[in-house]
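> Please find one structure pasted underneath; my questions will follow.
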Amino acid sequence: MVSVNDLKTIELELHAPGMSPLHRAGLGGLACTLHAWQKGMCSGAGTNWDYPFRFEIKTDSITLELSEPQQAANALQKLFEFGFQINSDGLIFLPGQFHSPPDSALLADLQAGYLLTFLQHGTSRKLAKNESQVCHRLSGGGSWEVPVAYRKWSWFKQQSGWKDLIDQHGRFQTQPIRIDSSIYPGASIRHFAFKNQTAIKEPLKRILPLYFSLVGCLAMAVNRGVGILLVPEVKDLHEFIQQRPRLNPQHASECRVLNSADAILQAKMRVGAKLGINSVTFQPTPWALQIKSRVKTCEVGTLDDLTISHFQKVYDALRPRIVALESDLNRSSSKQTTVKAFQSGYRVDSIMRSLIAENLIARKPWYSGFSSMMSKTNPNTGRLFRDQVMYEAQGLHQLISTPGIWGRDEERLLVGMIQNAVTGLLSGKRSEAIHSARRSAPSTCGWAYEKIRLKLARTQCQSQLRSLLSQLLNQSSSKKTLSTEYNQCLAFINEDWQRCRDLSLLALVCFSGRVSEEQKLKQSA
Amino acid sequence: MIGVRVTVPVSCFRKGYAREYLETHLLPPPATCYGFLLSLVGECDRKRHIGCRVTAGLISTPVKSVVLRKVWRVKNPRPEARENIRPDYQELLSNLELVLWLDSAEEDRSRPTLDKRVSSTLEYPKHTHRYGGLSLGESTHLVNDVSVIKEISKLKGDLEATMFLLDARGEQTLPVWVDHVQSTNTRYVTGTIQTRNLNTLSRDEIPMIIPP
Numbered sequence: 001m002v003s004v005n006d007l008k009t010i011e012l013e014l015h016a017p018g019m020s021p022l023h024r025a026g027l028g029g030l031a032c033t034l035h036a037w038q039k040g041m042c043s044g045a046g047t048n049w050d051y052p053f054r055f056e057i058k059t060d061s062i063t064l065e066l067s068e069p070q071q072a073a074n075a076l077q078k079l080f081e082f083g084f085q086i087n088s089d090g091l092i093f094l095p096g097q098f099h100s101p102p103d104s105a106l107l108a109d110l111q112a113g114y115l116l117t118f119l120q121h122g123t124s125r126k127l128a129k130n131e132s133q134v135c136h137r138l139s140g141g142g143s144w145e146v147p148v149a150y151r152k153w154s155w156f157k158q159q160s161g162w163k164d165l166i167d168q169h170g171r172f173q174t175q176p177i178r179i180d181s182s183i184y185p186g187a188s189i190r191h192f193a194f195k196n197q198t199a200i201k202e203p204l205k206r207i208l209p210l211y212f213s214l215v216g217c218l219a220m221a222v223n224r225g226v227g228i229l230l231v232p233e234v235k236d237l238h239e240f241i242q243q244r245p246r247l248n249p250q251h252a253s254e255c256r257v258l259n260s261a262d263a264i265l266q267a268k269m270r271v272g273a274k275l276g277i278n279s280v281t282f283q284p285t286p287w288a289l290q291i292k293s294r295v296k297t298c299e300v301g302t303l304d305d306l307t308i309s310h311f312q313k314v315y316d317a318l319r320p321r322i323v324a325l326e327s328d329l330n331r332s333s334s335k336q337t338t339v340k341a342f343q344s345g346y347r348v349d350s351i352m353r354s355l356i357a358e359n360l361i362a363r364k365p366w367y368s369g370f371s372s373m374m375s376k377t378n379p380n381t382g383r384l385f386r387d388q389v390m391y392e393a394q395g396l397h398q399l400i401s402t403p404g405i406w407g408r409d410e411e412r413l414l415v416g417m418i419q420n421a422v423t424g425l426l427s428g429k430r431s432e433a434i435h436s437a438r439r440s441a442p443s444t445c446g447w448a449y450e451k452i453r454l455k456l457a458r459t460q461c462q463s464q465l466r467s468l469l470s471q472l473l474n475q476s477s478s479k480k481t482l483s484t485e486y487n488q489c490l491a492f493i494n495e496d497w498q499r500c501r502d503l504s505l506l507a508l509v510c511f512s513g514r515v516s517e518e519q520k521l522k523q524s525a
Numbered sequence: 001m002i003g004v005r006v007t008v009p010v011s012c013f014r015k016g017y018a019r020e021y022l023e024t025h026l027l028p029p030p031a032t033c034y035g036f037l038l039s040l041v042g043e044c045d046r047k048r049h050i051g052c053r054v055t056a057g058l059i060s061t062p063v064k065s066v067v068l069r070k071v072w073r074v075k076n077p078r079p080e081a082r083e084n085i086r087p088d089y090q091e092l093l094s095n096l097e098l099v100l101w102l103d104s105a106e107e108d109r110s111r112p113t114l115d116k117r118v119s120s121t122l123e124y125p126k127h128t129h130r131y132g133g134l135s136l137g138e139s140t141h142l143v144n145d146v147s148v149i150k151e152i153s154k155l156k157g158d159l160e161a162t163m164f165l166l167d168a169r170g171e172q173t174l175p176v177w178v179d180h181v182q183s184t185n186t187r188y189v190t191g192t193i194q195t196r197n198l199n200t201l202s203r204d205e206i207p208m209i210i211p212p
């Protein structure tokens with residue numbers, strides 16, 4: 001049990017009753033902050049941060065010890081001033097999260113996450129009116145400059161949180177303290193007509209870790225309206241001190257996440273599969289557009305290394321791309337002589353990775369639900385997923401060719417068979433069109449391709465799928481080879497036709513890249 | 001120590017801090033089980049059986065789903081005000097089959113203990129005065145059936161259940177006493193959710209109902 005002894009010593013225990021995962025992550029954050037402070041002192045870099053109390057970090061508890069009870073105010077003020085800083089660029093810098101100060105661009109990306117989770121309310125922060133900009137400088141496949149816009153911070157609630165934790169005599173507060181959503185996102189007042197009675201109140205022993213949950217957790221933005229809070233499961237404080245800096249994204253591309261499953265798996269790729277991570281998704285709801293409410297939670301415990309290695313393959317094939325800004329493209333096309341060391345660009349992320357990440361976490365085949373996705377609209381962009389997936393055909397093609405990505409041989413066989421059948425069919429259509437000269441070959445191919453896609457998407461039962469596939473094979477030029485493969489896949493189709501429908505559509509989408517490339521080549525010719 | 005078998009078609013055991021997106025625990029916390037047993041025997045004084053030990057064990061695997069529902073809050077003191085209603089998401093568990101493990105050895109023995117009252121209520125229902133539907137979780141989450149397990153061998157399937165048991169280094173913290181208005185007087189215990197053989201349970205592992 002946590003105790004405040006004679007108002008001089010506080011012992012904060014990881015497994016004390018009432019310590020939720022967020023409290024434990026917060027205690028981990030406090031341990032990281034104290035460790036950073038100690039490290040700064042040892043290296044001589046932290047001469048401005050002399051600590052006015054003694055502390056001890058054990059594997060499952062932290063003890064803070066004051067020399068006099070009246071020193072509580074001074075001690076907590078210094079701890080909070082060190083733990084919650086704003087750097088010279090006006091960005092939040094939490095020393096407990098990093099081994100060494102990171103780039104401002106990385107901090108700006110992380111800041112977008114805070115604005116959607118902990119610090120979403122105007123009362124919990126002070127921001128500049130105008131936007132500022134910092135840039136990620138990337139090299140590899142060209143030299144890129146990716147700008148990140150942000151608004152400079154002058155204050156946030158955690159900085160002055162120490163005032164809530166002391167009484168009027170400057171000693172530790174012994175009365176329960178009210179918490180709000182800036183330190184525990186989602187813990188709002190139950191009845192606004194009775195604010196004081198129905199707000200959540202916590203004792204000092206649990207509220208101090210909650211303030212440092214900003215350090216222990218990782219908040220990330222999906223887009224301007226959706227944020228994800230990752231809450232790591234802290235089991236050992238010493239271990240967490242080593243893990244926490246690795247939890248942060250290290251590069252510009254890692255700052256992009258698509259949904260909670262994607263964020264968790266990316267974090268696990270950096271930290272390791274053993275760390276359990278809970279996530280909470282925040283986004284506006286139709287009944288409360290002005291705030292980002294909790295709308296989804298996801299708990300992922302220890303995963304096996306195979307799942308992480310699968311996701312690594314997926315991430316390699318479908319990682320965020322950098323696209324040149326239009327102004328830069330125009331400049332290069334008009335052949336101006338301006339020489340730039342870095343080309344400006346922005347990040348574009350995959351659509352498919354979100355589905356695959358969710359499937360991997362749910363321990364389903366990675367392509368499950370692909371056919372239903374192909375008939376849905378992306379709520380973020382208002383565009384059809386199937387139109388957006390076309391841009392990823394190359395990545396998907398790379399993915400299906402990756403060794404070890406398939407759980408069973410029949411999956412690989414079915415995909416290969418469909419692609420060969422479609423190749424045969426479309427080459428036949430092309431030669432027909434060229435002979436008849438009524439319609440251009442590329443449009444005939446595109447039309448035939450669309451017909452197959454529509455038929456596959458509309459398949460409602462096993463017999464329909466079987467008849468469609470056999471029809472496709474019959475129309476193909478290499479009938480004999482394909483019919484042998486079809487017979488091998490027949491048991492698989494009978495066993496789980498919906499999975500086979502997903503695979504068939506996936507095979508078709510991967511193929512579409514080749515169709516469009518052919519079309520482009522013909523058009524340019 | 002007695003076991004009470006309970007089946008509930010739909011239920012939600014809301015987490016204390018989940019005031020938006022009503023998340024559920026996998027199991028009913030000890031405080032919820034205690035409230036359910038008090039309701040079963042028609043006891044209105046929540047302090048009447050302090051000292052009893054109670055925990056829940058899952059013998060089925062419930063399915064979790066999310067629904068959109070109406071939530072009441074008091075934003076305007078006028079009860080009929082429209083802003084007192086809002087929609088929100090809620091997690092629900094379906095097809096729960098539970099065993100509530102109850103031990104009254106540390107209760108005040110001068111009066112009838114809770115385990116005896118539960119047994120007698122289920123054996124002679126006409127002798128018990130109670131009112132309202134019997135629910136586990138929210139008042140709308142009515143139970144299907146309740147029965148005392150006299151012989152463990154009569155349980156469905158094997159004798160294993162997923163239970164919340166006390167553990168000083170556990171990762172779960174569940175309430176044994178709830179302050180429904182504020183959170184200040186809620187009392188928690190630490191434990192783990194583990195799959196255990198029901199024959200091997202010891203009294204010390206079961207959480208005790210004590211107010212703060």
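The listed protein sequences derive, respectively, from chains A and B. If you count the first sequence from 1, position 293 lands on 293 in UniProt numbering, and the numbers rise without skipping. If you count the second sequence from 1, position 168 lands on 168 in UniProt numbering, and the numbers rise without skipping. Heads up, the beta-carbon is just placed ideally off N, CA and C, and yes, glycines get one too.
Kindly indicate if chain B contains any beta-carbon less than 9 angstroms away from that of residue 526 of chain A.
Nothing about residue 526 of chain A can be read from this structure; chain A reaches only from 1 to 525.
> Return the CA-CA distance between B:K70 and A:L66, expressed in angstroms with no decimal places.
Indexing the second sequence from 1 puts residue 70 of chain B at position 70. Indexing the first sequence from 1 puts residue 66 of chain A at position 66. Those two C-alpha atoms are separated by around 49 angstroms.
> So B:P77 contacts chain A; which residues on that side make the cut at Cβ distance below 9 angstroms?
As a working note, residue 77 of chain B is residue 77 in the second sequence. Per Cβ cutoff of 9 angstroms: A193, F194.
> Report the start-end ranges of each beta strand (DSSP E) in the region 80 to 155 of chain B that is 3 residues or longer and not cut off at the edges.
As far as the region 80 to 155 of chain B is concerned, its whole beta strand (DSSP E) runs of at least 3 residues are 85 to 103, 145 to 149.
> What residue does the beta strand (DSSP E) around A:K129 start on, and which one ends it?
For the purposes of this step, residue 129 of chain A is taken as the residue at position 129 of the first sequence. Its beta strand (DSSP E) spans residues 125 to 139.
> Hey, B:I85 and B:W101 are a contact pair by Cβ (cut 8 angstroms); roughly how many whole angstroms apart?
Here residue 85 of chain B refers to the residue found at position 85 of the second sequence. Here residue 101 of chain B refers to the residue found at position 101 of the second sequence. The pair is not a contact, with the Cβ atoms about 39 angstroms apart (cut-off 8 angstroms).
> Does the Cβ-Cβ distance between A:I189 and A:G161 come in under 9 angstroms?
Taking the first sequence and counting its residues from 1, one reaches residue 189 of chain A at position 189. Taking the first sequence and counting its residues from 1, one reaches residue 161 of chain A at position 161. Their beta carbons are not under 9 angstroms apart, which means A:I189 does not touch A:G161 by this criterion.
> Compute the beta-carbon to beta-carbon distance between A:G170 and A:S132, rounded to the nearest angstrom, for a pair I have assumed lies under 8 angstroms.
Sequence index remark: in the first sequence, residue 170 of chain A carries index 170 (1-based). Sequence index remark: in the first sequence, residue 132 of chain A carries index 132 (1-based). Not a contact, Cβ separation roughly 38 angstroms.
> Relative to the C-alpha of A:A507, which residue among A:G407, A:E495, A:Q398 is closest?
For the purposes of this step, residue 507 of chain A is taken as the residue at position 507 of the first sequence. Ranking the options by Cα distance to A:A507, first place goes to A:Q398.
> Counting contacts by CB-CB distance shorter than 9 angstroms, is A:T47 in contact with chain B?
On the first sequence, residue 47 of chain A is found 47 positions in, with the first residue counted as 1. Caution applies to A:T47, whose pLDDT of 49 falls short of 50 and renders its modelled position unreliable; the value that the coordinates give is listed next. Cβ-Cβ to chain B under 9 angstroms: no for A:T47.
> Start and end of the beta strand (DSSP E) containing A:A219?
Position 219 of the first sequence holds residue 219 of chain A. First-last of the beta strand (DSSP E) with A:A219: 218 to 221.
> Where does A:E392 sit, in a helix, a strand or coil, going by DSSP?
If you number the first sequence from 1, residue 392 of chain A lands on position 392. Reduced to three states, the DSSP call for A:E392 is helix.
> Below 9 angstroms between beta carbons: does that hold for B:C52 and B:S104?
For the purposes of this step, residue 52 of chain B is taken as residue 52 along the second sequence, with counting starting at 1. For the purposes of this step, residue 104 of chain B is taken as residue 104 along the second sequence, with counting starting at 1. In contact: B:C52 and B:S104 (Cβ atoms closer than 9 angstroms).
> Within the 9 angstroms Cβ cut-off, does B:V63 reach chain A?
Residue numbering aside, residue 63 of chain B sits at position 63 when the second sequence is read from its first letter. No, because no Cβ of chain A sits closer than 9 angstroms to the Cβ of B:V63.
> Mind checking which residues open and close the beta strand (DSSP E) that includes B:M1?
Translated into positions along the second sequence, residue 1 of chain B becomes position 1. Looking at the DSSP string, B:M1 is not in any beta strand (DSSP E), and its letter there is neither H nor E.
> Excluding the 5 residues flanking A:T377 on each side, which residues of the same chain have their C-beta closer than 8 angstroms to its C-beta?
Taking the first residue of the first sequence as 1, we reach residue 377 of chain A at position 377. Cβ within range, chain order: R383, L384, F385.
> What does the alpha-carbon distance come out to for the pair A:P102 and A:D305?
Position 102 of the first sequence, counted from the first residue, corresponds to residue 102 of chain A. Position 305 of the first sequence, counted from the first residue, corresponds to residue 305 of chain A. Those two C-alpha atoms are separated by around 29 angstroms.
> From B:T162 to A:D236, what does the alpha carbon distance come to, in whole angstroms?
Residue mapping note: residue 162 of chain B aligns to position 162 of the second sequence, counting from 1. Residue mapping note: residue 236 of chain A aligns to position 236 of the first sequence, counting from 1. Between B:T162 and A:D236, the C-alpha separation is close to 25 angstroms.
> Are the CB atoms of A:L473 and A:G390 within a distance shorter than 9 angstroms?
Here residue 390 of chain A refers to the residue found at position 390 of the first sequence. Here residue 473 of chain A refers to the residue found at position 473 of the first sequence. Reading the sequence as shown, one finds Met at residue 390 of chain A and not Gly. Taking 9 angstroms as the Cβ cut-off, A:M390 and A:L473 do not qualify as a contacting pair.
> Listed from N- to C-terminal order along the chain, which residues in the region 167 to 185 of chain B have their beta-carbon within a distance smaller than 8 angstroms of any beta-carbon of chain A?
If the cut-off is 8 angstroms between Cβ atoms, the region 167 to 185 of chain B has A168, R169, G170, E171, T173, V181, Q182, S183, T184 near chain A.
> Compile a chain-ordered list of the residues in the region 167 to 195 of chain A whose CB is closer than 7 angstroms to at least one CB of chain B.
Answer in chain order: P176, Y184, G186, A187, S188, R190, H191, F192, A193, F194.
> Tell me which residues of the region 16 to 45 of chain B have at least one Cβ-Cβ distance to chain A shorter than 9 angstroms, keeping chain order.
Residues passing the 9 angstroms Cβ filter: G16, Y17, A18, R19, E20, Y21, E23.
> Going by beta-carbon coordinates alone, are B:E20 and B:D88 separated by less than 9 angstroms?
As a first step, residue 20 of chain B must be located in the second sequence, where it is residue number 20. As a first step, residue 88 of chain B must be located in the second sequence, where it is residue number 88. Going by C-beta atoms, B:E20 is nearer than 9 angstroms to B:D88.
> Between A:L469 and the rest of its own chain, which residues show a CB-CB distance below 6 angstroms, the 5 nearest in sequence each way excluded?
For this step, residue 469 of chain A is matched to residue 469 along the first sequence. Here the set comprises nothing.
> Check the Cβ-Cβ distances between A:P21 and every residue of chain C, and say whether any is below 9 angstroms.
The chain inventory of the structure shown lacks chain C, comprising the protein chains A and B.
> Could you give the first and the last residue of the continuous beta strand (DSSP E) run that contains A:Q283?
Start at 1 with the first residue of the first sequence, and residue 283 of chain A comes out as number 283. Here the beta strand (DSSP E) through A:Q283 covers 277 to 285.
> Taking 9 angstroms as the CB-CB limit, is A:I277 close to chain B?
As a working mapping, residue 277 of chain A is identified with position 277 in the first sequence. Closer than 9 angstroms: no.
> Evaluate contact between the region 192 to 200 of chain A and the region 7 to 23 of chain A, counting only Cβ atoms and requiring at least three cross-stretch pairs below 8 angstroms.
Judged by Cβ distances under 8 angstroms, the region 192 to 200 of chain A makes no contact with the region 7 to 23 of chain A, as fewer than three pairs qualify.
> Could you tell me the distance, in whole angstroms, from the CA atom of B:L174 to the CA atom of B:P29?
Position 174 of the second sequence holds residue 174 of chain B. Position 29 of the second sequence holds residue 29 of chain B. Roughly 6 angstroms between the two C-alpha positions.
> Give the secondary structure of A:E233 by DSSP, where H, G and I count as helix, E and B as strand, and everything else as coil.
In the first sequence, residue 233 of chain A corresponds to position 233, counting from 1. Residue state, collapsed to three classes: coil.
> What does B:Y188 touch in chain A if you count any residue whose Cβ is under 8 angstroms from its own?
Working through the second sequence from its first residue, we reach residue 188 of chain B at position 188. Within 8 angstroms Cβ-Cβ: P17, G18.
> Could you give the residue range of the alpha helix (DSSP H) that holds A:T307?
The residue labelled residue 307 of chain A in the question sits at position 307 within the first sequence. Segment 305 to 317, the alpha helix (DSSP H) holding A:T307.
> Please identify the residue among A:F93, A:F53, A:V314, A:T117 whose C-alpha is closest to the C-alpha of A:P284.
For the purposes of this step, residue 284 of chain A is taken as residue 284 along the first sequence, with counting starting at 1. Among A:F93, A:F53, A:V314, A:T117, the Cα nearest to that of A:P284 belongs to A:T117.
> What's the C-alpha gap between A:Q111 and A:R224?
As a working note, residue 111 of chain A is residue 111 in the first sequence. As a working note, residue 224 of chain A is residue 224 in the first sequence. For A:Q111 and A:R224, the distance between alpha carbons rounds to 12 angstroms.
> Please check if any C-beta of chain A sits within less than 9 angstroms of the C-beta of B:V66.
As a first step, residue 66 of chain B must be located in the second sequence, where it is residue number 66. By this cut-off, B:V66 is an interface position.
> Could you give the DSSP three-state label for B:E43: helix, strand or coil?
Within the second sequence, residue 43 of chain B is the residue found at index 43, counting from 1. In the structure shown, B:E43 sits in coil (DSSP, three-state: anything other than H, G, I, E or B).
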